[in-house]
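One structure below.
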Amino acid sequence: MTLKRWMRSAGGTALLCVVSLAQAALPAAADSIRDHQWALSAFDVKSVEKVSTGRGVTVAVIDTGVDGTHPDLVGNVLPGKDFLGDSGRADRGTDDLHGTAMASLIAGHGHGAGNNAGIRGLAPQAKILPLRVNVDGELQSRSFKIIAQAIRYAVDHGASVINLSLGDTLKDPDTEDAIRYARQKDAVVVAAAGNDGVSEPNYPASYPGVISVGAVDSSGKVWEKSNYASNNLLAAPGVDIYTAGLNHQYQTGSGTSDATAYVSAAAALLRSKFPDLTAGQVANRLVKTAKLPDSMTGAKLPDKHYGYGFIRPYSALSEDIPVGSKNGPLPAASPGPAASAAPAAPPGGPDASSSEDKGAAYVIWGVVGVVALGLVTVLAVVIVKRRRPVVPPPSPYGHQQPGPPFQQ
């Protein structure tokens, strides 16, 4: 039995169409990109789209920014905000590789006749609120404070789902307080478990109330580099995932980032279909309809690798599931200092009070240990990814280029 069967609500399996990659665009019926999105058949998107497409829901993608001009994303990306100060908005960057990839898995609508070409996201009518807090490919010091500000901004500007395909092994009080604020405002917060294949907490995924997500491949096997811990709640496709890339092209890669984007999209579908459900009740529907491999029947849940299992969006949308408690499987949001940093504004609208943010320095030093001479260690918050761009930047280790870009 393959993951496609496990993740479908009922009935038989669909064969994954395998086609050779070509530089030229293929006809829509045999689209080289769409046919390689194995997660779509796993999710049974044809059934899903009859119930919900994510319409009316805003998903914040706190990442590198998003290229909203990509043909598969045009019209679905709000201006957002650039917290690095390079520009006022975060939807027009030409180097926003990782954020664009995540946005396409959430709200990509494809292009061409019937939108049958290119990347199709799980919630193609959701809106993306891009919040730029990191520079793709640069392993520089990043500010926990900036990520915390972005989380608060997302909540204050209409996002009911927050995607955090990033992380670090170190805790930060500012980020934890921002997560608490998001929980108090009833936002669904989804974060990546991490890509090191170790049993080590990754933050923000390990903060209370965050849906921590691991990655699995098309056979249902946990990705070897997916972190595992007792707080893992769900799993989703994260291996050999095709996404939108730079310059209106495409890329393929693996990581818990991709799995996180799919869970965020599933949450958007539920928030659209069931607008009265709380964040905890949304998580409850995902958990109650998740499924483990047959080999793990009877396993104690949540499993440290799979959590409660693979998400099954159609089942989560269509099955008769009791509403349950307000918090569902998530711990109650603890009280704390969580005042909003900005008044509410229309989703994606400019923030007139952001001038101080734009002028701030975004490389923040955190003291990990002080030696005799008072040296400090730089904290690095690195995007959780193992993506392989079709044409990656030059590598100091002579990484072989995988070939020409995919174009459509």
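Quick note, the sequence shown lines up with residues -24 to -1, 1 to 384 if you use mature numbering (1 follows the signal peptide of the UniProt record, and there is no 0). Glycine included, every Cβ here is placed at the ideal spot set by N, Cα and C. Here the structure is a predicted model, which means the values were calculated and not measured.
Distances from the alpha-carbon of Pro251 to those of Gly61, Ala77, Ser28 and Ser188 put Ser28 closest. Each of Ser233, Lys201 and Pro55 was checked against the Cα of Ser188, and the nearest Cα belongs to Ser233. With respect to the 8 Å criterion, Arg68 and Thr45 are classified as neighbours on the basis of their beta carbons. As the crow flies, the alpha-carbon of Arg31 is around 24 Å from that of Phe286.
Secondary structure at Asn207: coil, using DSSP grouped into helix, strand and coil.
For Pro289, the secondary structure class from DSSP, reduced to helix, strand or coil, is helix.
According to the DSSP assignment, Arg261 belongs to the alpha helix (DSSP H) that extends over Ala255 to Thr265.
Looking at the DSSP output, Pro213 shares a beta bridge with Val192. Classified as buried, Val186 has 16 or more neighbouring CB atoms from the shown chains inside 10 Å of its CB. When DSSP states are grouped into helix, strand and coil, Gly90 belongs to the helix group. The Cβ-Cβ distance between Ala211 and Gly283 falls below 8 Å.
Secondary-structure assignment with DSSP links Asn139 through a beta bridge to Val37 and Val166. In the DSSP assignment, the residues bridged to Lys103 are Thr34. Check the Cα spacing between Val37 and each of Gly64, Ser17 and Ser80: the tightest is with Ser80. If you look at Thr29, you'll find it isn't in any alpha helix (DSSP H); DSSP assigns it neither H nor E. Just so you know, the alpha carbons of Thr145 and Gly88 end up roughly 42 Å apart.
For the options Leu209, Gly196 and Phe59, the alpha carbon positioned closest to that of Asp279 is the one of Leu209. Taken through DSSP and simplified to helix, strand or coil, Tyr226 comes out as strand. Excluding residues up to 5 positions away in sequence, His87, Gly94 and His224 lie with their Cβ nearer than 7 Å to the Cβ of Pro47 in the same chain. The Cβ neighbour count for Asp296, taken over all protein chains shown within 10 Å, is under 16; the residue is labelled exposed. For Met78, the enclosing alpha helix (DSSP H) starts and ends at Leu73 to Ala83. If you look at Leu16, you'll find it in the alpha helix (DSSP H) that goes Trp14 to Phe19. By the beta-carbon neighbour count (other beta carbons within 10 angstroms, threshold 16), Ala275 is exposed. In the structure shown, Val131 adopts helical secondary structure according to DSSP, grouped into three states.
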